[in-house]
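Step one of this worksheet: look at the structure below.
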Amino acid sequence: MAPNPLHLGVALDGAGWHPAAWRAPNSRPTELFSARYWTDVVATAERGLLDFVTIEDSLRVPGPLHARGDDAVDQVRARLDAHLIAATLAPLTHHIGLIPTVTTTHTEPFHVSTAIATLDYTSRGRAGWQVRVSAGAEEAQHFGRREITDPTPAEFAALIATGELPGHAEALFEEATDAVEVVRRLWDSWEDDAEIRDVATRRFIDRDKLHYIDFEGRFFRVRGPAITPRPPQGQPVITALGHAPRIYEFAATAADLVFVTPTREHGPAQILRQIATAGASRVGEPLRVYADLVVFLDTDDDTGAQRLARLNDQSGAEFSSDAAVFTGSAEEIADLLADWNTQGVDGFRLRPGVAVDDLAAIAGRLVPALQHRGAFRTSYPEGSLRGLLGLSTTVPNRYARV
Amino acid sequence: MSTPRKQVILGAYLGGVNHHTAWWHPEAGSQIDFSSFEHTARTAERGKFDFFFLAEGLILRERAGQIFDQDIIGRPDTFGVLAAIASVTEHLGLAGTVNATFNEPYELARQFATLDHLSGGRAAWNVVTSFDAFTGQNFRRGGFLDPSDRYVRAEETLRAVRALWDSWNADDIVADKDSGRFLARPDAGSFEFRGRQFDISGRFTVPRSPQGRPVILQAGVSPQGRDFAAANADAIFSPYGKLREAADFYRDIKSRAVAAGRSPDDIKILPSASFVLGDTDAEAIEKYRAIRDEQVTGQTALILLEQIWNRDLSGYDPEGPVPDVEPEPDAPPFIQGRAFLHQDRFATVKRLREVSEAKKLTLRETVIDQFERGPIVGTPARVAEKIDDFVNSDGSDGFILGSHLVPTGLDEFVDRVVPLLQDRGALRTEYTGTTLRDNLGLPGLRSAAVPVDA
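So the sequences go chain by chain: A and B. Per our numbering, residue 12 is the first one in the first sequence, and the count goes up by one each step. Per our numbering, residue 98 is the first one in the second sequence, and the count goes up by one each step.
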């Protein structure tokens with residue numbers, strides 16, 4: 012195996028990332044809200060020895076962005092809570108990392124900390140968190156506590172062109188930065204050996220090994236300590252998706268992994284430079300960079316291109332995505348991954364265009380192709396998600412006295 | 098003429114975070130590893146229990162400004178554990194206490210509806226609110242309530258959550274691949290709720306779940322709490338372990354339910370209880386006394402009294418009389434983060450002194466006498482009989498059982514008492530329903546458009 016093997020995970024979103032994915036012959040749209048569907052899909056990913064699955068989520072109905080008055084009935088307009096999907100998968104899987112999306116804008120960081128720490132316990136060290144802010148007015152109205160405006164078309168254009176965030180979004184990322192800091196401090200608020208069960212003195216814990224975090228920021232205050240002891244990984248893996256330098260800065264401050272979206276045309280070079288700049292003052296381990304790709308892979312019956320064309324026909328629109336769209340064979344995408352890997356991308360997060368079909372192709376075709384090149388493992392090593400991803404598995408506790 | 102045999106409802110909880118759980122016992126296991134929760138839940142399902150129940154804590158308790166280090170400390174996330182248990186069980190209901198003060202209706206509705214989907218219709222929510230500024234320190238709202246507002250908040254939260262659950266009809270998802278129609282109607286999930294606490298609108302992401310509405314549990318002994326539960330809950334926790342008080346409570350709740358336009362069977366009444374088994378009654382009593390002596394040490398007794406006195410009592414002799422000083426109700430709380438509340442400290446102190454005097458009990462013995470939660474003690478046959486009789490005498494509709502021993506304490510009950518309850522015809526031998534609502538004998542909800550306040 013190559014000294015610097017590439018990393019490979021998948022992003023799961025309902026029936027797949029194409030809006031018509033649920034209509035594909037093998038898709039199981041009526042089961043999208045059952046444990047069995049998710050268990051089957053993730054079992055495929057685990058058979059493919061993948062590093063992790065991320066599970067998409069937001070606090071709005073998926074589908075077109077038009078919010079109220081939107082009358083689209085031809086797409087999957089519903090989803091379950093991603094954290095609970097991951098929690099359900101935890102006892103039924105053994106090696107694969109489980110990374111649910113949990114939002115920070117309306118959600119309490121204390122709850123997030125407890126939830127991900129618990130997922131780390133139930134999965135025995137395989138938990139991660141994909142951080143997401145809720146930048147839309149619709150989500151804010153679901154809570155009714157604060158007003159958040161949608162970006163204007165001009166602001167949206169500026170975001171695409173220069174990566175500049177609208178004013179209110181800037182505050183949301185500051186808040187998310189604080190939320191992650193709170194979560195991380197809470198994970199450290201118990202030292203690993205705090206539970207002593209000292210029968211003689213009847214002390215269950217050594218309270219000197221529990222720490223108030225006393226976080227005070229612009230958006231909230233949290234006292235701590237956590238109610239859940241430090242999770243098995245110490246610090247579960249934190250990830251974020253970014254498309255702009257400001258978000259790379261957020262990721263460099265808060266995350267272990269950043270998911271990015273290079274285009275086929277330009278490749279990852281410029282993004283890697285922007286991330287290096289954004290992370291110039293980062294301390295500790297370098298931020299790992301994973302490229303996202305939407306994939307429609309060749310199967311026995313059809314090419315990926317044919318499959319995509321058929322789905323486009325069904326949805327009545329050309330598929331577009333923030334991430335590059337790949338159609339082709341397992342060998343072809345293996346070439347692409349190897350190339351970007353050489354350019355400095357640490358790993359890849361593939362977004363299956365159709366969950367059941369493309370995941371089967373990833374596990375059954377792409378992974379063997381990579382293994383054949385010596386670029387991917389042939390079995391899971393024992394250990395935590397951090398270990399699987401090549402992150403340090405001994406994470407110092409900021410509160411522990413040496 | 099004999100009445101038809103009432104079925105006993107059984108819930109199981111995993112003990113923790115208090116002096117009832119014997120963490121010092123040689124067989125005591127982890128309070129945090131999932132294997133402990135899994136073992137207890139699988140055991141409960143093996144015993145055909147209705148549900149597994151998780152309590153909640155949102156802050157670590159303090160005594161005199163320091164983290165309290167003597168009880169069990171540390172617990173996992175309620176939702177995360179229940180969803181994981183859903184994967185390793187098939188029939189067991191999954192009930193979680195989740196605070197309505199530090200969670201918003203959109204998230205609460207979403208999480209419980211998701212749990213209901215992922216478990217195939219087994220979710221239950223024990224609705225609680227907090228009016229405790231101490232707990233608020235861990236949440237960005239820092240929010241807490243005036244005690245008088247807690248039922249207002251709870252009721253409005255519940256109404257908002259129901260509005261969200263009811264925003265989807267059972268037949269809203271068509272998912273017809275040929276026609277390309279996923280939703281039956283474009284506005285599935287649309288909701289609007291305006292009240293004193295919440296002004297929210299939009300679209301709910303989770304389709305109607307198998308139970309339509311997850312089961313609602315409540316606690317409450319005040320007249321306001323009783324009315325709230327009788328009108329809204331599917332089950333209510335009873336604090337009464339002695340038959341006479343319990344039967345009074347039972348009658349009262351059922352009649353309040355009728356007054357609220359419901360059938361008496363629409364609300365189940367469930368006290369929590371522990372049990373101790375022996376091969377003879379005498380052996381069980383002996384065993385119980387030994388456990389109790391371990392649970393209520395002198396130190397534990399003083400700490401329990403400090404909650405009432407609201408002052409440092411560490412200078413008092415546990416084997417001496419009940420403290421002669423008066424409580425300090427107006428001082429800052431000496432012990433923080435415990436649910437135990439004393440409305441009238443002076444009256445409680447007076448009662449403790451009278452009991453101590455009349456029964457010639459030491460401070461520690463008085464605490465044991467007064468804090469005892471009515472454990473069910475005896476041979477398996479005696480325990481089965483007591484449970485069956487209590488339920489048949491309308492003291493309750495069942496029990497929520499916990500053991501002092503985590504995680505194996507329930508094994509003995511399931512191995513030795515459950516078959517006897519089944520022999521008596523008091524407990525099912527196979528699960529009959531597909532949802533928790535079915536198993537509890539609650540009326541089903543027809544899919545959609547059930548009026549929010551029906």
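Quick reminder that beta carbons are idealized off the backbone N, C-alpha and C, glycines included. Computed from a prediction, not measured in an experiment: that's the story for all the values here.
Considering only their Cβ atoms, is the gap separating residue j from residue i smaller than 8 Å?
i	j	result
residue 537 of chain B	residue 365 of chain B	yes
residue 556 of chain B	residue 485 of chain B	Any property of residue 556 of chain B remains undetermined from this structure, which presents chain B solely from 98 to 551.
residue 443 of chain B	residue 408 of chain B	no
residue 183 of chain A	residue 233 of chain A	no
residue 158 of chain B	residue 303 of chain B	no
residue 401 of chain B	residue 468 of chain B	yes
residue 322 of chain A	residue 98 of chain A	no
residue 358 of chain B	residue 333 of chain B	no
residue 306 of chain A	residue 362 of chain A	yes
residue 487 of chain B	residue 367 of chain B	no
residue 286 of chain B	residue 257 of chain B	no
residue 72 of chain A	residue 283 of chain B	no
Is residue i helix, strand or coil when you go by DSSP?
i	result
residue 131 of chain A	helix
residue 315 of chain A	helix
residue 528 of chain B	coil
residue 344 of chain A	helix
residue 386 of chain A	coil
residue 166 of chain B	coil
residue 412 of chain A	coil
residue 537 of chain B	coil
residue 280 of chain B	strand
residue 272 of chain B	strand
residue 78 of chain A	Any reading at residue 78 of chain A needs caution, since the residue's pLDDT is 45, under 50, leaving its predicted position unreliable; the model's value is listed next. Coil.
residue 223 of chain A	coil
residue 317 of chain B	coil
residue 200 of chain A	coil
residue 113 of chain A	strand
residue 368 of chain B	strand
Can you pull the chain A neighbours of residue i, defined as C-beta to C-beta under 8 Å?
i	result
residue 394 of chain B	213
residue 296 of chain B	155
How big is the Cα-Cα spacing for residue i and residue j?
i	j	result
residue 401 of chain A	residue 493 of chain B	56 Å
residue 115 of chain B	residue 373 of chain B	18 Å
residue 260 of chain B	residue 289 of chain B	8 Å
residue 257 of chain A	residue 368 of chain A	35 Å
residue 48 of chain B	residue 406 of chain B	Any property of residue 48 of chain B remains undetermined from this structure, which presents chain B solely from 98 to 551.
residue 98 of chain B	residue 490 of chain B	With a pLDDT of 45 at residue 98 of chain B, under the threshold of 50, the predicted position of this residue should be treated as unreliable, and no value is reported.
residue 388 of chain B	residue 119 of chain B	8 Å
residue 186 of chain A	residue 143 of chain B	47 Å
residue 552 of chain B	residue 190 of chain B	Any property of residue 552 of chain B remains undetermined from this structure, which presents chain B solely from 98 to 551.
residue 519 of chain B	residue 502 of chain B	24 Å
residue 215 of chain A	residue 125 of chain B	12 Å
residue 535 of chain B	residue 527 of chain B	13 Å
residue 321 of chain B	residue 181 of chain A	45 Å
residue 507 of chain B	residue 409 of chain A	39 Å
residue 461 of chain B	residue 117 of chain B	15 Å
residue 238 of chain A	residue 472 of chain B	28 Å
So which residues of chain B does residue i contact, with C-beta pairs closer than 9 Å?
i	result
residue 71 of chain A	299, 300 and 302
residue 101 of chain A	131, 177, 180, 181 and 184
Give the residues of chain B in contact with residue i, contact being defined as C-beta atoms less than 8 Å apart.
i	result
residue 129 of chain A	173, 174, 177 and 178
residue 244 of chain A	Within 8 Å Cβ-Cβ: nothing; residue 244 of chain A doesn't reach chain B, min ~14 Å.
residue 281 of chain A	Ordered by position in chain B, no residue passes the 8 Å Cβ test against residue 281 of chain A, which lies about 35 Å from the chain.
On the premise that residue j lies in contact with residue i, defined as a C-beta separation below 8 Å, what is that separation, rounded to the nearest angstrom?
i	j	result
residue 311 of chain B	residue 222 of chain B	6 Å
residue 196 of chain A	residue 167 of chain B	Incorrect: roughly 25 Å between the Cβ atoms, too far for contact.
residue 228 of chain A	residue 189 of chain A	4 Å
residue 335 of chain A	residue 272 of chain A	7 Å
residue 88 of chain A	residue 279 of chain B	6 Å
residue 419 of chain A	residue 373 of chain A	Absent from the model: residue 419 of chain A. The displayed extent of chain A is 12 to 413, so no value can be given.
Listing by chain order, which chain A residues have their CB less than 9 Å from the CB of residue i?
i	result
residue 506 of chain B	Those do not exist, as residue 506 of chain B stays about 17 Å from chain A at its closest Cβ, beyond 9 Å.
Residue i CB to nearest chain C CB: under 8 Å?
i	result
residue 179 of chain A	The chain labelled as chain C is not found among the protein chains of the depicted structure, namely A and B.
Interface residues of chain A around residue i at Cβ under 7 Å?
i	result
residue 255 of chain B	Correct list: empty, because the minimum Cβ distance to chain A is about 16 Å.
Identify the contact partners of residue i in chain B, using a Cβ-Cβ distance below 7 Å as the criterion.
i	result
residue 132 of chain A	129, 130, 131 and 173
residue 45 of chain A	214
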